[in-house]
Every structure is written in C-alpha cells, then in structure tokens.
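To start, the structure itself, in structure tokens.
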Ligand SMILES: Cc1cc2nc3c(=O)[nH]c(=O)nc-3n(C[C@H](O)[C@H](O)[C@H](O)COP(=O)(O)OP(=O)(O)OC[C@H]3O[C@@H](n4cnc5c(N)ncnc54)[C@H](O)[C@@H]3O)c2cc1C
C-alpha cells in the first residue's frame, strides 16, 4: 500500500489517534457509515467495491459509491459481513490525494474531508473519482462532478466549472464543526488545492484566485 500511495502514512496519521488506530478496523470505519469517516472517504475516491458475505458464505459485490443510502443507512442485511474491499491500483497516469480539515490537526474528526483519484492522459482527464465528507448525510461520492470532468481538458477552466457542479451536489448543515457556508468554502478550497498539489507545474493559486 505504501509503495502505491506514498503519502498514505501521512493520510492515516490524520485519522483519530494511535490508540484508536491500533484498535479499529477498515470494515468498522466503512460500516460505521459516518459522513466524515476518513477511510470511507479515501476508499470512495478509489472507486472501491466491497465484498459482502452472508451467513451461508454467499458472496456479493457492491460498489462503495452505491453502498450508502441515507444517514447511517447502508446496503447490509442482518447477518451480512463486509469481508473485503477491492480497488484498482494507481497507474503511471493516475494521481491520488486525501485532505482533511479539522479544528486541530490530530485526534479530531473532520469539518470536511475529501479525496480524489484522477487520471490524466495527454492533458485530458480520462478517469476521475472524487469523494467528500461532512457535507451531506452520507460519505459522498461526487457522481456528477466526477462525470463532468471526464473527457475534459485538464485546465483551470474545467476545474472552476466543475466546482459549480460540486457545490450543487452537496448540502452541508451548520453544526459544531462549522457553518454550512464555511463547509462549502472548504469543499471548494480542497477541490482547487488538489490540482495545485498534484500538478504544481501546471496550476498555481493565481489560476483560481480570480474566480473566488
Ligand atoms: C476518540 C475517537 C476518535 C475518533 N476519530 C476518528 C477520526 O479522526 N476519523 C474517523 O474516521 N473516525 C474516527 N473515530 C471513529 C472510529 O474510527 C470509528 O468508529 C472506527 O473506524 C470504527 O472501527 P471499529 O473497527 O472500532 O468498528 P466498530 O465500532 O467495532 O463497528 C462499527 C459498526 O460497524 C459494524 N462492523 C464492523 N466491522 C464490520 C464488518 N467487517 N462487517 C459488517 N459490519 C461491521 C459493527 O457491528 C458496528 O455496527 C474516532 C473514534 C473515537 C472513539
């Protein structure tokens, strides 16, 4: 995992504390169904499938992006166990990142967390999976935003237009982790930040500042 995701250790350090990380499991984080579950957001952007076993050991597969139905409601029947998770490994042309904003860096749940897995070939976006937490009742796979950018030129215009779609896909509520407008702002900033972080030669803050 570390060789495929060089920043994984950094990402994991942002999830709760060492004590909690030593005890909890990926399965628990996914089935806990928290809208801000860190591992859930990470695996959603990897366009993962979950493998589910029933009590008779019958297996079924479900795309994680279709697993969550409503707040803490998900496609798991009594007696079913989430057995495994599978996803395509990053390639030479794909880029992955995870970001989390909280009131403090460590041992805090996110105000907003998000992840992206994007493939770019010949300056065109060939595949994209974007997820975001803390802005809806479920950990959210951004179906429309992801669909919108696929096939588009990898440019600041595309990214700025995509943010409009992203904003229409989310519905954050105001709570102790931030006001609704603040979470929308975070969603936009994290989305723009991905491109500056993953493609520093191509995008600078100035490309986006004129639109904010
Ligand atoms: C102090 C503290 C800080 C935390 N900070 C964070 C944080 O920063 N980020 C974050 O994402 N979370 C955080 N959490 C939440 C915690 O990480 C999750 O609750 C944890 O991931 C759950 O994992 P678990 O293995 O303990 O699951 P459990 O609590 O044991 O299970 C959660 C639910 O999932 C079900 N379940 C578990 N595994 C499976 C399976 N394989 N198949 C089917 N059902 C299953 C259980 O029956 C239960 O209903 C924090 C929790 C605490 C207490």
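Numbering (the numbering used here), first residue to last: 3 to 214. Think of the CB as a built atom: it goes at the ideal place given N, C-alpha and C, for glycine as much as any other residue.
- In terms of Cβ geometry, residue 18 and residue 26 form a close pair [threshold 9 Å].
- Across the structure, residue 104 and residue 43 are spaced so that their CA atoms are roughly 15 Å apart.
- Residue 39 carries a coil assignment under DSSP once its states are collapsed to helix, strand and coil.
- Assignment of residue 103 by DSSP, reduced to helix, strand and coil, places it in the strand class.
- Look at residue 203 here: in three-state DSSP terms it is coil, with no helix or strand label.
- Here DSSP, grouped into helix, strand and coil, assigns residue 97 to strand.
- In terms of side-chain proximity, the C-beta atom of residue 112 is found nearer than 8 Å to a non-hydrogen atom of ligand 1.
- Distances taken from the Cβ of residue 17 to the heavy atoms of ligand 1 include one shorter than 8 Å.
- Around the beta carbon of residue 201, a 10 Å sphere encloses fewer than 16 other beta carbons of the protein chains shown; the residue is thus reported as exposed.
- Burial check for residue 119: the Cβ neighbour count within 10 Å reaches 16 or more, so the residue is buried.
- Annotation for residue 4: 10, 11 place their beta carbon closer than 8 Å to its own, counting only its chain and skipping 5 residues before and after.
- The Cβ-Cβ distance between residue 134 and residue 161 does not fall below 9 Å.
- Judged by the Cβ position, residue 155 fails to qualify as a neighbour of ligand 1 at the 8 Å threshold, every heavy atom of the ligand being at least this far.
- In the three-state reduction of the DSSP assignment, residue 159 falls in the helix class.
- Shown here, residue 182 sits in a helix according to DSSP, grouped into three states.
- Within the chosen limit of 8 Å, ligand 1 does not reach the beta carbon of residue 93 with any heavy atom.
- Taking C-alpha positions only, residue 58 is separated from residue 165 by approximately 45 Å.
- Set against 8 Å, the gap from the CB of residue 85 to the closest heavy atom of ligand 1 is smaller.
- Residue 15 counts as exposed, since fewer than 16 other C-beta atoms from the protein chains shown sit within 10 angstroms of its C-beta.
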